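Read through the structure below, which is laid out as structure tokens, and then see the notes.
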Amino acid sequence: MAASDAQPAFGPEEVLQAMLTMRGGATEKRKKDAHEYLELFQKSPAAWTTSITILQSNAEADVKLFAATTLRGKITYDLTTQVPAAEIPAVRTQLLALLKRFAPGPKPIRVQLCVCLAILAIQMQEWKDVLPVVVSSLGNDAESHTCILDFLRVLPEEVTEGRKITLTDEELAQRTNELLEQNAPQVVQLLINYAHSSPASATNPQLFDCITSWLREVPVNDIVKSPLLSIVFNALEADSSFQAAADCISTMVRETKEIDDNIETIQILLPRIIALQPKIQKVVEEEDVDSYKALTKLFGETGSSWAVAIAREPTHFRPLVDAVLECAARDKDREVIEFTFDFWYDLKQYLVLEKYIQARMNLLDVYAKLVDVLLKHLEYPVSESGNEKDLFDGDREAEEKFREFRHLMGDTLKDCCEIMGVSECLAKVHDAIKVWMQKYASLANDTSVPHWQQLEAPLFSMRAMGRMVTKDESTILPQLMPLLVQMPAHEKLRFATIMVLGRYTEWTAAHPEFLHPQFNYIIESFNANSKEIVRAAAMAIKYFCTDCKHLLSQQVVQLQEFYNLILDKLPELSQEEITEGVATVVSVQPKSEIYRLLKLFCDPLIERLMTKANNAAGKDDNEGKLAVADHLQLITLFAQHVVVLPPVERGEEDPAVKYWQEVFPILSKVLESFLNFPPICERVCRCWRFMVISHRGAMAPILPDMANQLASGFATSRQGCFLWVTGAILREFSDDREHVDPAMTEDIYVFFNAQATNVLRFITEVPSLDLPDVIEDFFRLAVDGLLYYPQKFIPSPLFEPVFEAAYSVLVLQQREPLSATLHYIRDVLGWGTAYPPSSYEHLSASEAQVLREAVKRLVIKEGEMLVKRLLAGMMITFPKDCFADASGALLTLFEIFPSETTTWVDRTLRLLPEGTVTSTEVDRFMAKIRDRLSTNDSGDVRQIRSILQDFTNTYRRRYVAPRDGLGALEGSRFRFSGSF
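Using the numbering used here, you'd call the opening residue of the sequence shown number 3 and step up by one each time.
Written out as structure tokens, the structure is:
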């Protein structure tokens with residue numbers, strides 16, 4: 003490996019010392035140094051001998067486990083590069099000896115060594131008698147049996163993960179056949195013999211884990227028709243093997259999902275599984291939670307796997323459905339019901355189909371009972387301490403889990419709605435509320451509401467069903483809605499009611515007679531002492547204003563008075579929600595009223611903005627400045643939502659833009675005053691960006707002043723937010739937009755050119771590593787420039803230096819700027835293919851050809867450097883999330899210039915540091931690439947992506963970046979001195 007000149011020592015004592023440092027009370031720096039040392043050790047050639055030495059020593063178990071784990075990595079990634087072929091059999095001999103040594107345990111070390119042996123077996127293609135050798139080498143005592151079972155369990159898992167190993171697809175397929183398919187009958191017989199060897203063997207969880215592992219390789223019918231089936235079901239009678247046996251049966255069932263192909267197997271399994279139903283009551287009464295979970299999972303997964311069979315023969319499979327329902331119903335502590343949710347959903351997916359309408363009718367009563375079960379499980383607990391303020395007695399984890407759990411149950415309630423019908427489900431809610439009213443309403447007062455949990459649960463369920471309710475539901479909701487606004491005074495009940503009312507605003511808009519009582523209930527809720535209720539009320543106001551905006555038009559002035567009165571009392575998020583709501587109401591007012599109403603609502607906001615800005619100006623008070631930034635968001639919401647539709651006629655003044663034109667100097671002044679404070683710059687730019695996006699062509703009167711502010715703002719502050727707005731302007735005033743003056747589009751492109759030139763100079767002055775945010779924003783802008791002005795941008799002198807800047811900044815390691823840059827590179831390369839971006843079909847064939855040739859000339863000139871940067875990133879520096887875009891760029895290069903790209907990739911790989919990859923591996927990799935390219939099949943070319951992924955993943959595991967840089971693959975600084 004190409005590491006620093008002074009390689010550290012990697013002996014057992016040094017490794018042990020590093021591990022002691024990691025687990026001791028050392029400083030963070032010493033721990034970091036120890037971690038880096040151990041990483042270097044694991045990838046070094048010395049790790050082979052040192053790991054085996056540690057495993058043969060008297061070191062502590064955790065040190066030996068680290069050594070075994072290291073050995074696993076060495077065999078996976080470094081076997082062919084660090085061990086001569088003639089010495090590989092010796093590695094096998096050492097592994098077998100170590101397995102014999104650790105057969106008694108500890109189990110984690112034994113399992114790691116089994117994995118090592120399995121990975122070695124996959125790669126030793128000449129080793130044909132793997133199973134007999136392992137069995138004979140380990141012996142015939144009980145401890146050896148344990149070791150053999152571990153090996154048999156991990157072997158299929160490691161073979162199916164074979165892409166980690168440097169075999170060709172053909173070699174891996176052949177090895178899979180030899181190790182799994184050819185060995186399957188012997189393995190089944192071996193397991194039968196073991197199970198019959200003693201009563202303890204027949205209930206050994208390892209046996210069932212092993213069967214589970216091989217079920218992916220052995221036809222399930224072979225297991226079901228063998229003595230193993232009875233052994234597995236009998237194991238459910240022993241506590242020690244219950245969970246492992248239940249998991250094994252679940253795996254058998256999953257292998258029968260293709261119902262028509264497994265009818266015989268299902269007929270054998272179904273009665274055995276149904277016969278387990280009496281165990282539900284038994285494990286519940288014994289409070290055996292683990293067995294209860296295992297049993298519920300078994301019934302639930304069986305139901306999901308056979309859902310289509312249930313839909314076809316509901317009567318035959320009804321006992322299975324009843325068993326799942328019983329598991330849910332008996333779950334008083336909500337410990338297992340979640341394992342049934344997938345089943346109810348999967349079955350619902352079939353029952354809603356017309357062809358299964360009879361099954362749906364047959365199972366209606368099951369879903370009706372399920373609703374009753376869910377309503378009970380939705381109830382908040384009763385506090386054991388009697389403290390109504392803390393229902394979970396201080397257990398915050400339990401409280402959060404309960405909240406999440408309720409939403410999952412809400413999804414299952416939606417499934418019930420689809421089967422039973424929404425009105426039928428709502429009727430159960432109505433009944434539950436009426437029952438509470440009859441029992442306890444007379445006992446409720448302002449300080450106490452008895453058994454409020456039984457009232458809150460149906461309210462929550464009603465909220466959960468909201469998405470399923472149509473606007474024309476006229477049976478139950480007209481009876482329910484008047485009850486909601488009469489709920490007793492209790493914080494949880496008011497919160498639940500507000501959330502319900504906010505969820506049903508679309509229905510209320512269609513039934514306006516219910517609007518005002520509901521809206522007044524929400525308004526009154528702002529007087530509550532609970533922050534949670536106030537936040538819920540603000541959210542509900544947003545939904546009422548959005549869905550009932552036309553109904554609230556008559557109260558728009560009163561709405562402003564309320565808004566202005568309440569705004570400063572709300573938390574930030576609630577301010578934004580209520581502002582979005584009232585802005586939506588303003589947006590549907592007559593065009594003649596828009597200017598007046600914007601002044602009515604926004605002038606107070608502007609006054610608040612100026613006050614906050616004056617208070618924060620010239621001070622080192624970040625809190626005051628952040629208040630300015632937060633307040634700007636409220637103004638942005640009006641700019642975003644109050645839009646004149648349909649747009650005004652050409653030449654006519656837009657009343658909304660008229661108001662923003664008056665306000666623009668104030669926003670500019672705020673921006674100029676806080677150019678050194680990014681949050682305010684970002685919020686002003688966000689406001690302007692939404693003005694451009696929302697008002698589009700009507701923004702023309704403001705554009706010149708805005709462009710000046712954006713140009714001077716970036717030149718002064720070098721903040722990427724000024725580039726966001728530039729991109730929005732490019733999009734909205736591009737050549738293909740209707741009713742855009744050609745002179746304006748030309749001016750806007752000149753503005754883009756100037757902004758891009760400033761950015762290139764900035765990147766020249768400051769290393770790109772220090773500019774990740776600007777890099778990201780600039781290349782997102784460049785994507786827009788290429789998309790909307792290709793006929794101007796591609797032939798321009800700016801195009802080549804922007805491309806050079808793009809590949810030069812691929813030395814970054816942050817995902818967002820890399821992603822933006824790779825997207826730009828991919829878009830550029832797309833113009834070099836036979837099918838340029840379809841969004842520019844309005845270009846003539848000759849124009850598109852000119853642009854294509856320009857891009858191809860650029861690729862020929864810069865392609866090799868681009869390939870270097872892409873491959874260096876994929877193998878060494880890029881985060882994993884960037885692999886798809888990087889490999890996508892390489893695939894496009896292969897599409898444009900297959901021969902040249904193959905040469906560039908080959909040359910680049912020969913530059914990798916010595917010892918990290920062999921010439922043989924590079925040759926094999928390039929042979930795969932050439933093989934795919936030679937077929938002239940686009941599908942085979944796409945397979946290059948998986949070849950690249952396998953190669954780069956293997957390389958990343960081996961490689962530790964040297965401290966003195968990346969050598970021939972080191973990126974160079976971007977230099978730009980042009981002016982356009």
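Quick reminder that beta carbons are idealized off the backbone N, C-alpha and C, glycines included. Computed from a prediction, not measured in an experiment: that's the story for all the values here.
Check	Outcome
Hey, Val-559 and Ile-608 are a contact pair by Cβ (cut 8 Å); roughly how many whole angstroms apart?	Not confirmed; about 19 Å, so no contact.
How long is the line joining the alpha carbons of Gly-468 and Leu-503, rounded to whole angstroms?	10 Å
Looking at the unbroken alpha helix (DSSP H) that takes in Ile-121, where does it start and where does it end?	109 to 125
Can you list, in chain order, the residues of its chain with a C-beta nearer than 6 Å to that of Ala-8? Leave out the 5 residues immediately preceding and following it.	Unreliable placement is indicated for Ala-8, whose pLDDT of 49 sits below 50; the coordinate value is still reported in the next sentence. None.
Answer yes or no: do Val-437 and Gln-456 have a C-beta to C-beta separation smaller than 9 Å?	yes
Let's test the definition: count the other Cβ atoms within 10 Å of the Cβ of His-643 and tell me whether it reaches 16, buried, or not, exposed.	buried
Just mark Pro-744 as buried or exposed, buried being the case when its beta carbon has 16 or more other beta carbons within 10 Å.	exposed
Can you name, in chain order, every residue of its own chain whose Cβ lies under 6 Å from the Cβ of Ser-889, other than the five neighbours on each side?	Arg-947, Leu-950
To the nearest angstrom, report how far apart Ala-1 and Ser-527 are at their CA atoms.	The question about residue 1 has no answer here: the residues shown for the chain are numbered 3 through 982.
Does the region 334 to 352 come close enough to the region 298 to 305 to have 3 or more Cβ pairs within less than 8 Å?	yes
Could you pull the start and end residues of the alpha helix (DSSP H) that Thr-835 belongs to?	Premise fails: Thr-835 is in no alpha helix (DSSP H) and is neither H nor E.
If we count Cβ pairs, one from each stretch, closer than 8 Å, do we get three or more for the region 74 to 94 versus the region 43 to 61?	yes
When you compare only the Cα positions, how much space is there between Ala-69 and Phe-153?	19 Å
Could you compute how far the alpha carbon of Lys-130 sits from the alpha carbon of Glu-257?	29 Å
Hey, Phe-676 and Cys-683: beta-carbon distance below 9 Å or not?	yes
I'd like to check one pair, Glu-923 with Phe-953: are the Cβ atoms closer than 9 Å?	yes
Ends of the alpha helix (DSSP H) at Pro-273?	265 to 276
List the endpoints of the continuous alpha helix (DSSP H) containing Lys-403.	398 to 422
When you compare only the Cα positions, how much space is there between Leu-788 and Pro-681?	29 Å
Alpha carbon to alpha carbon, how far is Gln-481 from Asn-522? Give it in angstroms, no decimals.	19 Å
What is the C-beta distance between Ala-459 and Leu-377, in whole angstroms, given that I count them as a contact (C-beta under 8 Å)?	6 Å
Assuming Met-867 contacts Tyr-790 (C-beta within less than 8 Å), just tell me the rounded distance between them.	Not confirmed; about 27 Å, so no contact.
Suppose you measure from the CA of Glu-128 to the CA of Val-189; what does that come to, to the nearest Å?	21 Å
So, with DSSP's three-state summary, where would you put Asn-710?	helix
Out of Ala-331, Val-310, Arg-320, which has the shortest C-alpha to C-alpha gap to Leu-353?	Val-310
How many Å lie between Thr-918 and Pro-110 at the Cα?	30 Å
Over what stretch of residues does the alpha helix (DSSP H) that includes Gln-19 continue unbroken?	14 to 25
For Val-117, which residues from the same chain have a beta carbon less than 7 Å from its beta carbon, with the 5 sequence-adjacent residues on both sides left out?	Arg-74, Val-156, Glu-160
Rounded to whole angstroms, what is the Cα-Cα separation between Cys-250 and Val-222?	11 Å
Check whether the region 545 to 558 touches the region 577 to 590, taking contact to mean three or more Cβ pairs, one atom from each stretch, closer than 8 Å.	yes
Can you name the start and end residues of the alpha helix (DSSP H) that Ile-261 belongs to?	Here Ile-261 belongs to no alpha helix (DSSP H), and DSSP marks it neither H nor E.
Using only the alpha-carbon positions, how far apart do Val-136 and Thr-23 sit?	38 Å
Give the straight-line distance between the Cα atoms of Ala-615 and Ala-530, rounded to the nearest whole angstrom.	31 Å
Give the range of the alpha helix (DSSP H) segment to which Phe-781 is assigned.	774 to 790
How about Met-470 and Cys-427: do their beta carbons lie closer than 9 Å?	yes
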